[in-house]
DNA sequence: CCGCCATCCCTTTTT
DNA sequence: GGGATGGCGG
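Numbering (my numbering), first residue to last: 29 to 809.
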């Protein structure tokens, strides 16, 4: 069956003859030195100008990757080879897409903003899917479910199948299904063994049921935006041909992060005109855990024979020592394509490694260092703290609050994930799309209006029996005696409101309608009555939501945007230190970068090692590489000797990644606290081994020392593997009694204050009160 | 229907 | 230690 020709791009820039983008760009071409080519180095220029056939650009950190991508688009437009709507450019994040739009606009004028097919995989996937929705069993106005909706839906399916949600959590099934979708697997294609891994062999069937249910709800989850697109292309040659014909040029950003589904999707499209240009850096592949497959980058030349491969190795960001340290570090990974970054710039300051006593001192020392730099004129916007895990952030926040040092945490809870926003959106969804059961359920009793589980159950039963959406089932029910009079009336009133609001869509501006809905439903009221601390902020957020709606032409457009891109607005202009995870830092750069927590177990993270072994270690090392290469002028690494993990103090050993740094390019600094108790020697031991692998004598000594300090067999397996003992509760009889004098390898002498199984609270003579594990203590006196 | 308490888990996270 | 979640009791 032939798909209707896509109604062509509403957002197509003005026709070329009208002095539009192409004309302007061509005029530019005639001038020697078209502006987008100005200042490019030879490799960058080659990457921009190699327009015919497949191109792989291996762009190291700070080598001008985005510049190349944007210049290339400008160049394609300028050369007249394609118009803006014939170029497909995909990124992973909305931020990256936005940035690229701006930069293209800066190069070729505002027409660059009009590129309709520049966006994230998901937004482009959704856009294509909407045009052919009926071919995959959806309607063009399908809703996009987020993770929350997805899990609630799975819960219902598990319940319907009589599967114990306790034993087989919906969350876990969601992860499983996501994994399959990431790999481009439809239910029928999931291997039997794998499908059987959940709920005694029912995983595959549940996946199929879920997909079916999504179709009934006229909904797609994030994975579907690609997977269903893939299915569309696979099953409908005419549709595929049409899109292949349209996209004369394809560009892919952060190619190393593509998962298999994305890769297959790209490959199908690119095998038409073969003008695909992928830009990426295998050394910065840090999303393996969510399905990204670095092999995609290694496979490129195989899939596209004769591909041009261009390496960008000239770094414009960091000083020499920083670059050398990073290069040495990443060189320890096997299985890389191999790039060597270099710079013509100054060597600058060596990255520093500082040992500190514990996380508290770490935060203190870093806070002081920042203040000192600030006094010397360093802007706080150029300062960042990059952590491995978000729990590390709190210590810094607390410290900075007491110091009065302004900071911002990047990647906290997202705007659209907040309960009040999700509630408000559910109201809008119910109104815009009456069949949206998940939205209905979310708000039917929010605010509380006496329509609880009992009522909902009845509606559910009826909906299932009659295979109707919940709203319709409810409408039928209020005409019967099924419900008790009170809930029946409440439900009747609510449904009447829904109808009124739906009718108003046509006549009322959507942001006004939203305000009306939130007022009339009693939702705003609910928060106004709430006297808890967050209530005011939630009302603020709701206002912000309504404000942001004004930017969209209609309700449907707004909902589409919101399900794909909603982000917290960062409207503040004040200078602040940024605190974020290493993952969130990719693509950013700062003058001064602090990298705390370089300890075994935390970084590399134990779990990564346990679950993915060598591959896990290498991904962690790439993360370390990403961290160091964020720094323009100063990279400052820290490791603490003691860290509290899950509420218990543990002694840690420095990260093996510190050993991977070249001694010539790193300066070792001792913070005063680390010398406490005469244990600085342990670190000095280690420092001797600097520049060599983690299999050095120094490393082994450090490990031996730890093993010796931990008499328990569980602990001897290696650092930080004491989980087995943590669980042992009060049932275990402690060999220590309250008041006993004890000695701790790191905290020194102390007195037992409290005994709780193998967890002891000890008042240390010098280090104060700490909770420690029994196995770290020795009896004295 | 709400709120309190026990229990469980604890890396990274976009769309 | 702390947050999220789910069960149970008022």
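All C-beta atoms in this analysis are idealised placements derived from N, C-alpha and C, irrespective of residue type, glycine included. All values derive from a computational prediction rather than experimental measurement.
Once DSSP output is grouped into helix, strand and coil, what is the label at residue i?
i           : result
residue 121 : coil
residue 539 : helix
residue 608 : strand
residue 264 : coil
residue 807 : strand
residue 80  : coil
residue 63  : coil
residue 287 : strand
residue 430 : helix
residue 389 : helix
residue 147 : strand
residue 776 : strand
residue 797 : strand
residue 769 : strand
residue 789 : strand
residue 384 : strand
residue 212 : coil
residue 421 : helix
residue 630 : strand
residue 332 : coil
residue 590 : helix
residue 457 : helix
residue 218 : coil
residue 507 : coil
residue 405 : coil
residue 558 : coil
residue 315 : coil
For residue i, count the other beta carbons within 10 Å of its own beta carbon; 16 or more makes it buried, fewer makes it exposed. Which is it?
i           : result
residue 15  : Lying before the first or after the last residue shown, residue 15 is absent from the chain, which here runs from 29 to 809.
residue 317 : exposed
residue 808 : exposed
residue 535 : exposed
residue 717 : Note on residue 717: pLDDT 34, under 50, position unreliable in the model; the coordinate value appears next. Residue 717 comes out buried.
residue 528 : exposed
residue 422 : exposed
residue 430 : exposed
residue 407 : exposed
residue 168 : exposed
residue 509 : exposed
residue 337 : exposed
residue 668 : buried
residue 513 : exposed
residue 102 : buried
residue 765 : exposed
Write down the C-beta distance between residue i and residue j rounded to the nearest angstrom, noting that I regard them as a contact closer than 8 Å.
i           : j           : result
residue 352 : residue 690 : 6 Å
residue 66  : residue 245 : 52 Å between Cβ atoms; not a contact.
residue 367 : residue 311 : 7 Å
residue 62  : residue 106 : 6 Å
residue 287 : residue 265 : About 24 Å; that fails the 8 Å criterion.
residue 117 : residue 128 : 7 Å
residue 470 : residue 454 : 4 Å
residue 309 : residue 108 : Not really, about 31 Å apart at Cβ, beyond 8 Å.
residue 331 : residue 313 : Actually they do not touch by this definition, with Cβ atoms about 18 Å apart.
residue 767 : residue 780 : 6 Å
residue 391 : residue 360 : Actually they are not in contact, since the Cβ atoms of residue 391 and residue 360 sit about 29 Å apart, beyond 8 Å.
residue 210 : residue 251 : 7 Å
residue 340 : residue 305 : Contact doesn't hold; Cβ gap of about 13 Å is too wide.
Hey, would you say the C-beta of residue i is under 7 Å away from at least one heavy atom of the ligand GDP?
i           : result
residue 136 : As far as ligands go, the structure on display features none, and thus does not contain the ligand GDP.
*Which runs of the alpha helix (DSSP H) fall wholly inside the region 153-208 and span at least 4 residues, in chain order?*
If only complete runs of 4 or more residues are kept, the region 153-208 shows the alpha helix (DSSP H) at 175-188, in order along the chain.
_Does the contact criterion of 3 or more C-beta pairs under 8 Å hold for the region 268-275 versus the region 599-618?_
The region 268-275 vs the region 599-618: no contact.
*asked:* With three or more beta-carbon pairs closer than 8 Å as the criterion, would you say the region 179-194 touches the region 283-292?
replied: Verdict: no, contact absent.
*What beta strand (DSSP E) runs, 3 residues minimum, are completely inside the region 645-691?*
Taking 3 residues as the shortest admissible run, the region 645-691 contains the following complete beta strand (DSSP E) segments, listed from N- to C-terminal end: 659-673 and 676-679.
*Counting pairs of Cβ atoms below 8 Å between the region 432-447 and the region 514-526, do you hit three or more?*
As far as the Cβ criterion goes, the region 432-447 does not touch the region 514-526, which means the pair count is below three.
*Taking 8 Å as the threshold, find out whether the region 229-237 comes into contact with the region 141-160 through three or more Cβ pairs.*
Using a Cβ-Cβ distance cut-off of 8 Å, the region 229-237 and the region 141-160 are not in contact, since fewer than three pairs of beta carbons, one from each stretch, lie closer than that value.
_Meets three-Cβ-pair contact criterion under 8 Å: the region 538-547 and the region 413-422_ = Counting Cβ pairs under 8 Å, fewer than three are found: no touch.
*Could you tell me whether the region 672-682 touches the region 626-641, where touching means 3 or more Cβ pairs closer than 8 Å?*
Enough Cβ pairs lie closer than 8 Å, so yes.
_Under 8 Å, with one C-beta from each stretch per pair, do the region 509-520 and the region 472-482 reach the 3-pair mark?_
Touching, per the Cβ criterion.
_Contact between the region 382-389 and the region 580-588 (3+ Cβ pairs under 8 Å)_ = No, the region 382-389 does not touch the region 580-588.
*Can at least three beta-carbon pairs, one atom from the region 647-655 and one from the region 601-608, be found at a separation below 8 Å?*
Cβ pair count under 8 Å is below three, so no.
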